[in-house]
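Structure record follows, encoded as structure tokens.
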Amino acid sequence: MKPTSKYEAIRQILADLKQPAYRYLQIMEAIFRQRIGEFERITMLPKTLRGELIRAIGQQVTSVTPVLEKSSKQVSKVLFAIAGGERVEAVRLTYQRGWKSYCISTQCGCGFGCRFCATGTIGLKRNLTADEITDQLLHFHLNGHALDSVSFMGMGEPLANPHIFDALTILTDPRLFGLGQRRITVSTIGILPGIDKLTRDFPQVNLTFSLHSPFEDQRSELMPINDRFPLHEVLKALDRHIRHTRRKVYIAYVLIRGVNDSTEHAEAVAALLRGRGIDLYHVNLIPYNATEVTSPSYRQSERNRVKTFVRILKSKGINVTVRAQFGSEIHAACGQLYGAE
Ligand code: SAH
Ligand code: SF4
473 MKPTSKYEAI RQILADLKQP AYRYLQIMEA IFRQRIGEFE RITMLPKTLR GELIRAIGQQ
533 VTSVTPVLEK SSKQVSKVLF AIAGGERVEA VRLTYQRGWK SYCISTQCGC GFGCRFCATG
593 TIGLKRNLTA DEITDQLLHF HLNGHALDSV SFMGMGEPLA NPHIFDALTI LTDPRLFGLG
653 QRRITVSTIG ILPGIDKLTR DFPQVNLTFS LHSPFEDQRS ELMPINDRFP LHEVLKALDR
713 HIRHTRRKVY IAYVLIRGVN DSTEHAEAVA ALLRGRGIDL YHVNLIPYNA TEVTSPSYRQ
773 SERNRVKTFV RILKSKGINV TVRAQFGSEI HAACGQLYGA E
């Protein structure tokens with residue numbers, strides 16, 4: 473069977489070469505503790521073994537190659553080249569107290585075509601492998617950055633890529649990244665089988681559902697996936713997730729001027745969530761980021777509209793926050809990633 477990641481490939485190589493058991497830990501210590509990014513430089517290994525690793529995996533430990541980095545005060549966006557001549561992007565956010573959070577891609581492009589999203593305009597090129605997903609983080613780690621939390625909110629729909637489950641295993645493996653499940657967030661447009669699998673296999677990983685309209689017909693217009701997985705069905709799966717995990721579920725709602733920011737929308741969102749007898753839903757309102765490749769009719773809501781929206785949700789007892797907007801000036805914000813220079 474083909475190994476699902478380079479970590480498994482390394483185990484296989486060590487077994488084939490009848491290497492002692494401690495070799496695996498030695499290599500992982502070199503990469504994750506000493507932050508060594510080239511196999512040639514892991515000098516405690518015998519030269520022949522280094523040669524084998526290079527032959528099987530390559531000179532570099534990571535499979536993604538940074539080709540461009542753009543930074544503003546709190547945000548840094550890296551464009552990576554991946555095999556096949558494609559590009560994906562990752563974003564590093566630095567919060568006030570130095571907390572470092574990352575937003576990584578799970579697919580090159582995206583096939584779901586949500587009308588307001590830049591990534592959606594490219595279509596799906598391909599799923600990233602578990603290595604390509606986790607190597608975006610490994611890149612930052614090898615360059616000395618702390619990894620405090622990570623969200624799968626870059627390019628692509630995580631739950632449409634079966635490799636994200638291998639990626640989650642790698643990120644939470646104490647010998648590798650050692651991230652707690654609670655430091656990881658998966659954002660989805662509501663791929664039902666994927667939600668159920670996440671509930672079962674990674675119950676403590678944070679889950680965000682991209683709602684964006686409380687009305688089935690409008691949601692189908694904005695997000696064609698709604699015809700296959702209607703929001704009412706998704707909410708039932710989220711209820712199950714909450715009952716099983718006792719964890720909060722986040723509802724992402726991008727506010728677009730004149731499209732989904734009316735009083736009726738706010739009241740309907742509150743009604744959708746309130747009637748469920750579960751108070752673990754938390755609404756995250758996201759200011760729309762204009763992009764160069766989506767319709768110019770999509771614009772950010774006026775400030776007063778946002779305030780009214782918040783007030784209505786609060787008055788109905790719904791937990792709500794407005795997500796701080798980062799990185800829009802370097803096209804590094806949610807929904808702005810499309811792999812261009
Ligand atoms: N495919 C997943 C995860 C990636 S997108 C999902 O859609 O949930 C991460 C978030 O950015 C989603 O909530 C998405 O709806 C939102 N988004 C997309 N385009 C946006 C834009 N132009 N402005 C603000 N948010 C956007
Ligand atoms: Fe894909 Fe998410 Fe963008 Fe929709 S919003 S097109 S699912 S990346």
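When we follow my numbering, the leftmost residue of the sequence shown carries the number 473, and every step to the right adds one. For every residue, glycine included, the Cβ atom is placed at its ideal position computed from N, Cα and C. None of these values were measured; they are calculated from a predicted model.
Range of the contiguous beta strand (DSSP E) that encloses residue i
i, result
"leucine 540", "537 to 543"
Backbone CA spacing between residue i and residue j [nearest angstrom]
i, j, result
"asparagine 599", "glycine 628", "8 Å"
"serine 477", "glutamate 693", "38 Å"
"isoleucine 846", "serine 773", "For residue 846 there is no data in the structure shown, the boundaries of the chain being 473 and 813."
"arginine 522", "arginine 505", "18 Å"
"leucine 525", "glutamine 568", "40 Å"
"phenylalanine 674", "alanine 632", "16 Å"
"aspartate 638", "leucine 670", "12 Å"
"leucine 752", "leucine 614", "37 Å"
"glycine 583", "glycine 730", "26 Å"
"glutamate 764", "arginine 527", "42 Å"
"leucine 707", "phenylalanine 681", "9 Å"
"glutamate 561", "alanine 493", "36 Å"
"aspartate 711", "leucine 683", "15 Å"
"leucine 744", "glutamate 736", "12 Å"
"cysteine 589", "alanine 762", "9 Å"
"alanine 618", "methionine 473", "34 Å"
"arginine 748", "alanine 742", "11 Å"
"proline 518", "glycine 650", "27 Å"
"glutamine 808", "alanine 796", "15 Å"
"glycine 652", "alanine 812", "32 Å"
"threonine 520", "valine 721", "50 Å"
"aspartate 645", "tyrosine 770", "41 Å"
"aspartate 689", "proline 475", "43 Å"
"serine 659", "valine 792", "17 Å"
Beta bridge counterpart(s) of residue i as assigned by DSSP
i, result
"phenylalanine 681", "Thr660 and Ile723"
"alanine 553", "Thr537 and Arg559"
"phenylalanine 822", "The shown model of the chain, from 473 to 813, leaves out residue 822, and the question about it has no answer."
"threonine 566", "Lys572"
"glycine 581", "Leu596"
"glutamine 532", "Glu510"
"valine 794", "Leu757"
"isoleucine 667", "Bridge partners of isoleucine 667: none, in fact."
"isoleucine 728", "Gln772"
Close beta carbons around residue i, own chain, < 6 Å, minus the five adjacent residues each side
i, result
"methionine 500", "Arg647"
"threonine 534", "Asp607, Leu610 and His611"
"asparagine 539", "The sequence shown places valine at residue 539, not asparagine. If we look at valine 539 and ignore the five residues flanking it on each side, its Cβ neighbours are Leu551 and Ala553."
"serine 621", "Ser573 and Arg655"
"isoleucine 594", "Gly581 and Tyr810"
"arginine 691", "Ser685, Asn698 and Leu703"
"phenylalanine 701", "Gly662 and Leu664"
"cysteine 575", "Val563, Ser623, Met625 and Gly626"
"histidine 716", "Thr671"
"cysteine 586", "Gly592 and Met695"
"alanine 709", "Leu664 and Ile667"
"alanine 804", "Val547, Lys549 and Val563"
"asparagine 776", "none"
"isoleucine 529", "Lys478"
Span of the alpha helix (DSSP H), counted from its first residue to its last, around residue i
i, result
"lysine 788", "Where lysine 788 is concerned, there is no enclosing alpha helix (DSSP H), given that its DSSP letter is neither H nor E."
"valine 706", "703 to 717"
"histidine 803", "Counting along the chain, histidine 803 falls outside any alpha helix (DSSP H), and DSSP gives it neither H nor E."
"threonine 644", "636 to 644"
"glutamine 546", "No alpha helix (DSSP H) holds glutamine 546; DSSP gives it neither H nor E."
"threonine 735", "735 to 746"
"leucine 610", "602 to 614"
"arginine 691", "688 to 694"
7 Å CB neighbourhood of residue i in its chain, flanking five on each side removed
i, result
"histidine 635", "Asn599, Leu600, Thr601, Ala602 and Ile605"
"phenylalanine 687", "Ala740"
"arginine 746", "Lys788, Gly789 and Ile790"
"tyrosine 479", "Ile642 and Leu648"
"tyrosine 496", "Ile482, Arg483 and Leu486"
"glycine 509", "Gln532, Val533, Thr534 and Leu614"
Close Cβ partners of residue i (< 8 Å) along its chain, the five nearest in sequence each way excluded
i, result
"alanine 738", "Thr780, Phe781, Ile784 and Leu785"
"valine 778", "Leu727, Asp733, Leu757, Pro759 and Val794"
"methionine 516", "Gln498 and Ala502"
"valine 536", "Phe552, Ala553, Ile554, Val560, Glu604, Asp607, Gln608 and His611"
"arginine 719", "Pro675, Gln676, Asn678, Leu679, His713 and Leu752"
"arginine 565", "The sequence shown places leucine at residue 565, not arginine. Cβ neighbours of leucine 565 beyond the five flanking positions: Gln546, Val547, Lys572, Ser573, Tyr574, Cys575, Phe798 and Gly799."
"glutamate 541", "Ser548, Lys549, Val550 and Leu551"
**Study point:** Start-end ranges of the alpha helix (DSSP H) lying completely within the stretch 754 to 780, minimum 4 residues
**Key:** Counting only runs of 4 or more, we get nothing.
Check your understanding: What alpha helix (DSSP H) runs, 4 residues minimum, are completely inside the stretch 473 to 527?
Key -> Entirely contained in the stretch 473 to 527, the alpha helix (DSSP H) runs reaching 4 residues are, in chain order, 478 to 488 and 494 to 504.
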